[in-house]
Amino acid sequence: MQSMAAKHSIWPREKDIIFDLSGRAQRAEKNIGRENVINATIGALMDDYGRLITLDTVYSEYKNLENAEISAYAALEGQPDYLEAVKKVVFKDYMPNSYIRAVASPGGSGAIKLATWNYTNPGDEVLTSDWFWSPYVSITEEIGRTVGTYELFDENNNFNFKSFKKEFLRIADKQERIFTILNTPAHNPTGYSIPDNEWDKIIGLSKEVAVNKEKKIILFVDIAYIDFASDDNASRMFFEKFSNLPENVLVIVGFSMSKGFTAYGMRMGAAVCITSSENVAEEFYYACVHSCRANWSNCNRGAMAILSNIVNNSEKFKKYNEEKNTYKEMLKRRANAFVEEAEKVGLDILPYRDGFFVSIPCENSREVCEELTKDNVYMVPLKAGLRFAVCAVNENKCKIAPSIIKNALEYVKSQ
Ligand code: PLP
1 MQSMAAKHSI
11 WPREKDIIFD
21 LSGRAQRAEK
31 NIGRENVINA
41 TIGALMDDYG
51 RLITLDTVYS
61 EYKNLENAEI
71 SAYAALEGQP
81 DYLEAVKKVV
91 FKDYMPNSYI
101 RAVASPGGSG
111 AIKLATWNYT
121 NPGDEVLTSD
131 WFWSPYVSIT
141 EEIGRTVGTY
151 ELFDENNNFN
161 FKSFKKEFLR
171 IADKQERIFT
181 ILNTPAHNPT
191 GYSIPDNEWD
201 KIIGLSKEVA
211 VNKEKKIILF
221 VDIAYIDFAS
231 DDNASRMFFE
241 KFSNLPENVL
251 VIVGFSMSKG
261 FTAYGMRMGA
271 AVCITSSENV
281 AEEFYYACVH
291 SCRANWSNCN
301 RGAMAILSNI
311 VNNSEKFKKY
321 NEEKNTYKEM
331 LKRRANAFVE
341 EAEKVGLDIL
351 PYRDGFFVSI
361 PCENSREVCE
371 ELTKDNVYMV
381 PLKAGLRFAV
391 CAVNENKCKI
401 APSIIKNALE
411 YVKSQ
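Heads up: the sequence shown is residues 1 to 415, going by UniProt numbering.
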């Protein structure tokens with residue numbers, strides 16, 4: 001069979017399981033009616049009737065832009081007012097006392113690419129938790145890096161710092177660079193948020209390892225879901241802990257407009273560095289701008305204008321927050337319904353705090369997902385469990401789902 005792709009570009013020809021199940025769910029909705037199907041595969045905020053939620057305060061702003069403001073090239077690093085707006089929405093009242101530089105990227109995915117490419121060496125192992133967003137693997141694998149994991153939870157469903165420490169030190173022992181991805185708050189797929197006291201331990205460990213000046217510690221904080229964490233202040237306090245870190249500990253925050261601004265397809269985000277060294281900040285800027293030029297050139301100018309126009313106008317920002325908060329409340333109600341019902345029917349779930357998803361640990365997740373489709377419930381199978389998208393399912397269905405899931409789990413177990 002003729003093959004033309006370069007060796008490094010030949011990957012298994014697998015169907016994407018999420019898209020596959022999502023397609024089947026949509027066909028079922030067409031055949032038997034939306035009200036009879038629970039489609040919990042979608043990673044976007046949907047209204048109670050299964051329609052994508054798009055914030056009016058965002059899209060009215062977009063439609064009021066001059067054509068030239070959408071059409072013109074943007075600065076490679078991002079428009080200056082956009083970069084200022086990014087810092088404002090990311091940190092709010094919790095800006096660390098450090099040098100901070102931001103570079104625009106196509107979504108949070110682009111920020112992950114900028115950070116992993118520029119802060120790891122070929123062959124390096126990147127660390128993240130055993131429950132993780134699978135594109136972390138695609139993004140790092142594409143550039144010849146691998147992903148290692150620590151156990152996110154201990155036996156009491158608390159943050160497993162012991163496992164984190166073990167894996168962090170293992171990597172520190174063999175590599176110059178210890179690059180860790182922490183997806184918090186409102187982690188995908190579990191809905192967990194790392195509490196502040198655990199952050200203290202993570203930072204403490206980073207400082208200990210940083211005593212060896214040959215080591216370079218990079219904490220990549222993926223905040224893709226921060227705008228849907230229930231408490232804006234509490235979910236940002238950890239940023240202040242990044243003040244005055246040793247020069248060889250660098251924090252990079254991955255910002256995304258996809259969820260918080262319902263701008264999934266607009267592809268807008270940023271990588272934001274936090275460092276105590278002016279030189280490290282400058283170096284970050286030039287390294288990332290070079291990557292921008294080499295990969296995608298500039299980003300979506302219209303999307304940048306939306307963010308700066310909203311965030312830099314207190315009246316618009318207030319309205320945006322009010323609108324978004326109504327959906328945050330909706331999400332909370334749905335998640336509460338699921339979590340409470342899970343507890344009632346005795347379905348074990350991972351500790352949900354905030355965000356779009358709830359996860360259920362189990363074996364044979366693909367089989368269980370297949371079994372669930374017989375009851376017209378569609379979920380995403382993960383390596384160690386199932387992901388239920390409360391962001392996409394109405395409250396009533398969130399209440400019904402746990403007992404159906406419990407039955408499917410028991411059935412598969414009994415086979
Ligand atoms: N990080 C996590 C954990 C995500 O779930 C997502 C999107 O689903 C992203 C980052 C990046 O999203 P985007 O590239 O659309 O901004």
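We put the CB at the ideal spot given by N, CA and C, even for glycine.
Report the partner residues of residue i according to the DSSP bridge assignment.
i	result
A104	A270
residue 429	In the structure displayed, the chain extends from 1 to 415; residue 429 sits before or after that span and is not available.
F255	A270
M46	L52
D129	Sequence inspection shows Ser at residue 129; the Asp mentioned does not correspond to that position. The partner list for S129 (beta bridge, DSSP) reads Y150.
Taking the alpha-carbon positions, what's the residue i to residue j distance?
i	j	result
V380	I360	11 Å
R24	A40	12 Å
M268	F228	17 Å
G43	A305	25 Å
I18	R366	11 Å
L347	L52	29 Å
P106	V345	42 Å
R177	V147	13 Å
L55	E315	16 Å
K88	K383	37 Å
I218	P246	11 Å
T180	N31	45 Å
T226	R13	According to the sequence as given, residue 226 is Ile; it is not Thr. Roughly 34 Å between the two C-alpha positions.
P122	E410	44 Å
I143	S414	43 Å
Y62	K324	16 Å
M4	N394	46 Å
Which of helix, strand or coil does DSSP assign to residue i?
i	result
G78	coil
R353	coil
N24	As written in the sequence, residue 24 is Arg, which differs from the Asn given in the question. R24 falls in the helix class under three-state DSSP.
N97	coil
P361	strand
V249	strand
T275	strand
F317	helix
D124	coil
D232	coil
W11	coil
D227	helix
R334	helix
P189	coil
C288	helix
I17	helix
G33	coil
Tell me which residue opens and which closes the alpha helix (DSSP H) that residue i is part of.
i	result
K166	161-174
V380	Here V380 belongs to no alpha helix (DSSP H); instead the beta strand (DSSP E) covers 380-382.
G385	Run containing G385: none in the alpha helix (DSSP H); it sits in the beta strand (DSSP E), 385-389.
K213	Looking at the DSSP string, K213 is not in any alpha helix (DSSP H), and its letter there is neither H nor E.
C398	395-414
P135	135-142
N302	First, the amino acid is wrong: residue 302 is Gly here, not Asn. Element bounds for G302: 301-311.
S71	67-71
What are the boundary residues of the beta strand (DSSP E) that includes residue i?
i	result
K216	216-222
I53	Per DSSP, I53 belongs to no beta strand (DSSP E) and is neither H nor E.
T180	177-183
Our contact map puts residue i next to residue j with C-beta atoms below 8 Å; I'd like the distance itself, whole angstroms only.
i	j	result
V58	A224	With a Cβ gap of about 17 Å, V58 and A224 do not count as contacting.
G254	D232	Incorrect: roughly 18 Å between the Cβ atoms, too far for contact.
K397	E341	At roughly 11 Å, the Cβ-Cβ gap does not stay under 8 Å, so K397 and E341 are not in contact.
T190	L350	4 Å
E68	N298	Going by the sequence as given, residue 68 is Ala instead of Glu. Contact flag wrong, Cβ pair sits at about 15 Å.
S109	I139	7 Å
Using a beta-carbon distance below 7 Å, is residue i in contact with chain D?
i	result
Y62	This model lacks chain D altogether; it includes just one protein chain.
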